[in-house]
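Chains A and B, in that order, are what the protein sequence lines are.
Per my numbering, the very first residue in the first sequence carries number 44; after that it's consecutive.
Per my numbering, the very first residue in the second sequence carries number 44; after that it's consecutive.
Below you'll find the structure, written out as structure tokens, and then a few comments.
2 protein chains.
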Amino acid sequence: MDTTIEAIRTFNRFFTRHVGAMNARFLDTDANLAEARLLFEIARQEPVQASTLQADLGIDRGYLSRMTARFEDRGWVTRDHGEADARTRPIRLTEAGRTVFGQMDERQRSAVAHDLGRLGPVEQEDLVQALTRAQLLLDPDAPMSFTIRPPRVGEVSQVAARQSILYAESHGWGRALETVEAETTAAFLRQFNPDREGCWVADLAGVMAGAVFLTDEGGGVARLRLLHVEPFARRRGIGDALVRTCIDFAREKGYDRITLWTHTVLDAARRIYTRNGFECISTDVHHEFGEPVQGETWQLILNS
Amino acid sequence: MDTTIEAIRTFNRFFTRHVGAMNARFLDTDANLAEARLLFEIARQEPVQASTLQADLGIDRGYLSRMTARFEDRGWVTRDHGEADARTRPIRLTEAGRTVFGQMDERQRSAVAHDLGRLGPVEQEDLVQALTRAQLLLDPDAPMSFTIRPPRVGEVSQVAARQSILYAESHGWGRALETVEAETTAAFLRQFNPDREGCWVADLAGVMAGAVFLTDEGGGVARLRLLHVEPFARRRGIGDALVRTCIDFAREKGYDRITLWTHTVLDAARRIYTRNGFECISTDVHHEFGEPVQGETWQLILNS
DNA sequence: GCAATTATGTTGACTGAGTCAACTATATAA
DNA sequence: TTATATAGTTGACTCAGTCAACATAATTGC
Numbered sequence: 044m045d046t047t048i049e050a051i052r053t054f055n056r057f058f059t060r061h062v063g064a065m066n067a068r069f070l071d072t073d074a075n076l077a078e079a080r081l082l083f084e085i086a087r088q089e090p091v092q093a094s095t096l097q098a099d100l101g102i103d104r105g106y107l108s109r110m111t112a113r114f115e116d117r118g119w120v121t122r123d124h125g126e127a128d129a130r131t132r133p134i135r136l137t138e139a140g141r142t143v144f145g146q147m148d149e150r151q152r153s154a155v156a157h158d159l160g161r162l163g164p165v166e167q168e169d170l171v172q173a174l175t176r177a178q179l180l181l182d183p184d185a186p187m188s189f190t191i192r193p194p195r196v197g198e199v200s201q202v203a204a205r206q207s208i209l210y211a212e213s214h215g216w217g218r219a220l221e222t223v224e225a226e227t228t229a230a231f232l233r234q235f236n237p238d239r240e241g242c243w244v245a246d247l248a249g250v251m252a253g254a255v256f257l258t259d260e261g262g263g264v265a266r267l268r269l270l271h272v273e274p275f276a277r278r279r280g281i282g283d284a285l286v287r288t289c290i291d292f293a294r295e296k297g298y299d300r301i302t303l304w305t306h307t308v309l310d311a312a313r314r315i316y317t318r319n320g321f322e323c324i325s326t327d328v329h330h331e332f333g334e335p336v337q338g339e340t341w342q343l344i345l346n347s
Numbered sequence: 044m045d046t047t048i049e050a051i052r053t054f055n056r057f058f059t060r061h062v063g064a065m066n067a068r069f070l071d072t073d074a075n076l077a078e079a080r081l082l083f084e085i086a087r088q089e090p091v092q093a094s095t096l097q098a099d100l101g102i103d104r105g106y107l108s109r110m111t112a113r114f115e116d117r118g119w120v121t122r123d124h125g126e127a128d129a130r131t132r133p134i135r136l137t138e139a140g141r142t143v144f145g146q147m148d149e150r151q152r153s154a155v156a157h158d159l160g161r162l163g164p165v166e167q168e169d170l171v172q173a174l175t176r177a178q179l180l181l182d183p184d185a186p187m188s189f190t191i192r193p194p195r196v197g198e199v200s201q202v203a204a205r206q207s208i209l210y211a212e213s214h215g216w217g218r219a220l221e222t223v224e225a226e227t228t229a230a231f232l233r234q235f236n237p238d239r240e241g242c243w244v245a246d247l248a249g250v251m252a253g254a255v256f257l258t259d260e261g262g263g264v265a266r267l268r269l270l271h272v273e274p275f276a277r278r279r280g281i282g283d284a285l286v287r288t289c290i291d292f293a294r295e296k297g298y299d300r301i302t303l304w305t306h307t308v309l310d311a312a313r314r315i316y317t318r319n320g321f322e323c324i325s326t327d328v329h330h331e332f333g334e335p336v337q338g339e340t341w342q343l344i345l346n347s
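Here it is as structure tokens:
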């Protein structure tokens with residue numbers, strides 16, 4: 044805990060300086076930081092009223108009013124009077140304002156690009172991943188949308204790694220589970236039949252937020268395996284989307300049914316299966332992972 | 044590239060607000076943000092001269108002088124006169140200053156702790172990983188030290204994932220390499236003999252910065268495998284430290300020699316092997332990864 | 001060895017960022 | 001219809017932060 048706090052404080056200090064240096068580079072005499080942020084926010088939300096900006100940027104009402112007035116003087120924005128509510132003064136960019144914003148935006152982009160120039164492609168990707176994950180962890184409700192896509196190179200093994208970590212923590216399964224995960228994903232990679240099988244990754248703003256595998260068990264049976272959703276991506280319907288992708292694929296390929304095996308303790312997963320039409324057909328006890336654990340077999344009949 | 048820049052700008056905006064909110068929470072009437080940062084920096088570096096602080100914090104000389112004078116008035120610091128250089132005025136904390144700093148530090152810690160409270164253990168760990176990686180990527184010379192340790196749960200598979208990504212990018216080896224990596228690590232986990240084999244991870248401020256495996260080939264021969272160093276951790280001697288760990292282990296266990304197989308294109312790795320006494324004893328061409336690649340077998344005789 | 005230059009820190013004078021409270025005007029609730 | 005809340009504006013103020021001039025000490029070049 045202490046080292047965790049220390050690491051975060053170190054980063055906070057570092058990043059404060061880093062952002063400060065970058066801002067100094069892109070700002071010029073046209074506008075200061077507060078004005079740049081304001082102009083950016085107006086451009087993003089226009090038409091927008093002052094109270095919204097005030098809340099979003101966390102600045103004083105009076106200060107905001109004056110800045111906006113200054114923008115109006117410079118011919119960057121207009122303030123008319125609200126129709127529904129005559130107290131409000133919806134702010135809009137003028138053409139001149141749009142131009143100024145465009146220039147600022149471009150300078151800021153190139154300041155960031157300059158920073159990135161030093162990094163190779165993998166490192167750039169790593170950086171985006173790291174920052175996006177951090178943001179999702181710090182602000183779970185960040186408005187980011189996800190897509191379902193095939194795995195990129197390395198992501199199948201990453202699933203093994205992440206599942207091991209997540210379940211080692213929550214349920215105390217250690218090396219034994221890690222070994223099984225590694226073998227399962229390795230076998231999938233080796234034996235993968237693209238016509239009948241699939242792996243799908245939920246991509247949340249570029250980072251792997253969850254994944255699922257569907258393998259061919261023969262006899263018209265598909266098996267859904269290794270479903271997981273990252274903690275930082277919960278409550279976004281990613282589990283459901285992954286399971287639905289499997290079901291659609293299995294249906295399209297003409298499977299008769301999908302089976303899956305899960306642990307009884309994994310409540311969230313079980314709810315997803317129930318929501319998507321699966322039914323628990325048997326329970327059994329495994330001893331692979333040290334302590335005995337109760338497992339369940341579920342299935343979904345695909346009467347297409 | 045464009046989405047990369049956009050992702051980073053989004054994070055910058057987010058984090059600026061986040062830090063702002065947190066600072067507002069821990070600051071009180073005793074001191075403002077600049078003063079808190081200054082006091083922190085003095086506490087960290089004392090005795091320290093003004094010019095150092097000025098460079099580190101990036102603030103104006105005059106402003107700094109005045110703040111320091113204010114600190115002296117409040118009895119937080121003393122300024123004597125430098126011995127070697129009489130122009131300088133080394134700044135030191137007084138007991139009172141140390142107390143004030145301690146309180147501020149504690150409030151800041153608890154502000155961070157409050158933020159972390161929402162997160163589970165895995166998420167906290169993920170957050171530290173993400174932030175530390177980001178920092179290392181943005182500031183490759185960040186003064187952080189590494190240690191060599193056994194892998195944590197999930198890290199063996201993570202090695203497979205990272206190697207696949209790194210080499211897919213740099214040398215165009217895709218799924219084929221990924222499959223081999225996954226199988227190799229899975230087999231290691233299954234057959235691991237702790238008395239004769241090992242996996243070591245380089246831990247740079249808590250994140251995996253590289254790894255290496257040593258397996259028993261029988262007949263007094265150990266094989267060094269899967270050496271890699273993360274791009275964000277280069278130029279810190281991590282590769283050498285990992286290889287040396289292998290050699291020490293092999294020597295201790297009474298192996299006669301260590302062999303390894305590597306690609307001819309992997310220059311950095313080859314230099315590490317050379318530096319640590321390995322010699323290339325044969326070359327051969329493999330066809331596993333699509334295009335033919337030239338490989339080399341190296342060995343180190345352990346005459347203990 | 002001395003003048004010119006450079007570095008460290010202080011001080012005066014100033015700007016403008018940001019705050020606070022009072023105020024107008026409109027909308028909503030009782 | 002009156003009381004209360006909300007949107008935005010304005011006056012008055014503070015103090016964070018900047019800039020240039022200055023005193024003093026060290027370093028460099030001849």
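The beta-carbon is built from N, C-alpha and C at its ideal position, and this holds for glycine as well.
Chain A within 8 Å of residue i, Cβ atoms only
| i | result |
| --- | --- |
| residue 201 (chain B) | yes |
| residue 193 (chain B) | no |
| residue 189 (chain B) | no |
| residue 253 (chain B) | no |
| residue 221 (chain B) | yes |
| residue 152 (chain B) | yes |
| residue 54 (chain B) | yes |
| residue 196 (chain B) | yes |
| residue 96 (chain B) | no |
| residue 343 (chain B) | no |
| residue 288 (chain B) | no |
Contact with chain B by residue i, beta-carbon distance below 8 Å
| i | result |
| --- | --- |
| residue 224 (chain A) | yes |
| residue 156 (chain A) | yes |
| residue 58 (chain A) | yes |
| residue 217 (chain A) | yes |
| residue 315 (chain A) | no |
| residue 137 (chain A) | no |
| residue 101 (chain A) | yes |
| residue 205 (chain A) | yes |
| residue 63 (chain A) | yes |
8 Å contact criterion, which residue i and residue j should meet: CB distance rounded
| i | j | result |
| --- | --- | --- |
| residue 307 (chain B) | residue 339 (chain B) | 6 Å |
| residue 52 (chain B) | residue 167 (chain A) | Not quite, the Cβ-Cβ distance comes to about 14 Å (not below 8 Å), so this is no contact. |
| residue 118 (chain A) | residue 131 (chain A) | Contact flag wrong, Cβ pair sits at about 22 Å. |
| residue 315 (chain B) | residue 341 (chain B) | The Cβ separation is near 11 Å, so there is no contact. |
From the options, residue whose alpha carbon lies closest to that of residue i
| i | options | result |
| --- | --- | --- |
| residue 154 (chain A) | B:173, B:47, B:205 | B:47 |
| residue 20 (chain B) | A:93, A:100, A:60 | Not covered by the structure: residue 20 (chain B). The range shown for chain B is 44 to 347. |
| residue 107 (chain A) | A:77, A:329, A:342, A:141 | A:77 |
| residue 309 (chain B) | B:336, B:284, B:157, B:183 | B:336 |
| residue 318 (chain A) | A:250, A:324, A:283 | A:283 |
| residue 343 (chain A) | A:328, A:326, A:286 | A:286 |
| residue 111 (chain B) | B:129, B:140, B:125 | B:140 |
| residue 275 (chain B) | B:295, B:296, B:253, B:94 | B:253 |
| residue 61 (chain B) | A:66, A:61, A:55, A:126 | A:55 |
| residue 270 (chain A) | A:313, A:229, A:295 | A:313 |
| residue 75 (chain A) | A:114, A:58, A:97 | A:114 |
| residue 102 (chain B) | A:67, A:255, A:345 | A:67 |
| residue 352 (chain A) | B:73, B:156, B:59, B:129 | Lying outside 44 to 347, the shown extent of chain A, residue 352 (chain A) is not represented and no answer is given. |
| residue 278 (chain A) | A:183, A:45, A:178 | A:183 |
Distance cut-off 7 Å: residue i Cβ against heavy atoms of the ligand PLP
| i | result |
| --- | --- |
| residue 111 (chain A) | You won't find the ligand PLP in this model; it holds no ligand whatsoever. |
* Are three or more beta carbon pairs between the stretch 261-270 of chain B and the stretch 286-302 of chain B nearer than 8 Å? -> yes
* Kindly confirm or deny that the stretch 231-239 of chain B and the stretch 247-266 of chain B touch, where touching means at least three C-beta pairs closer than 8 Å. => yes
* Asked: Touch check for the stretch 78-91 of chain B and the stretch 78-96 of chain A: three-plus C-beta pairs under 8 Å?
  -> no
* Please confirm if the stretch 221-229 of chain B is in contact with the stretch 142-151 of chain B, defined as three or more CB-CB distances below 8 Å between the two stretches. => no
* Where the stretch 259-281 of chain B meets chain A: residues whose CB sits under 9 Å from a CB there -> 273, 274, 275
* To do: Inspect the CB distances between the stretch 194-202 of chain A and the stretch 277-290 of chain A and report whether three or more fall short of 8 Å.
  => no
* Could you run through the stretch 160-172 of chain A and flag, in chain order, every residue whose CB is less than 9 Å away from some CB of chain B? => 161, 162, 163, 164, 165, 166, 167, 168, 169, 170, 171, 172
* Asked: Given 8 Å as the limit, is there contact between the stretch 171-191 of chain B and the stretch 240-254 of chain B, that is, 3 or more CB pairs closer than that?
  -> yes
* Using a Cβ-Cβ cut-off of less than 9 Å, list which residues of the stretch 234-252 of chain B approach chain A; keep chain order. => 235, 248, 249
* Asked: In chain order, what residues of the stretch 172-186 of chain B put their CB closer than 7 Å to some CB of chain A?
  -> 173, 174, 175, 176, 177, 178, 180, 181, 182
* **Interface residues of the stretch 67-92 of chain B facing chain A [CB-CB below 7 Å]** => none
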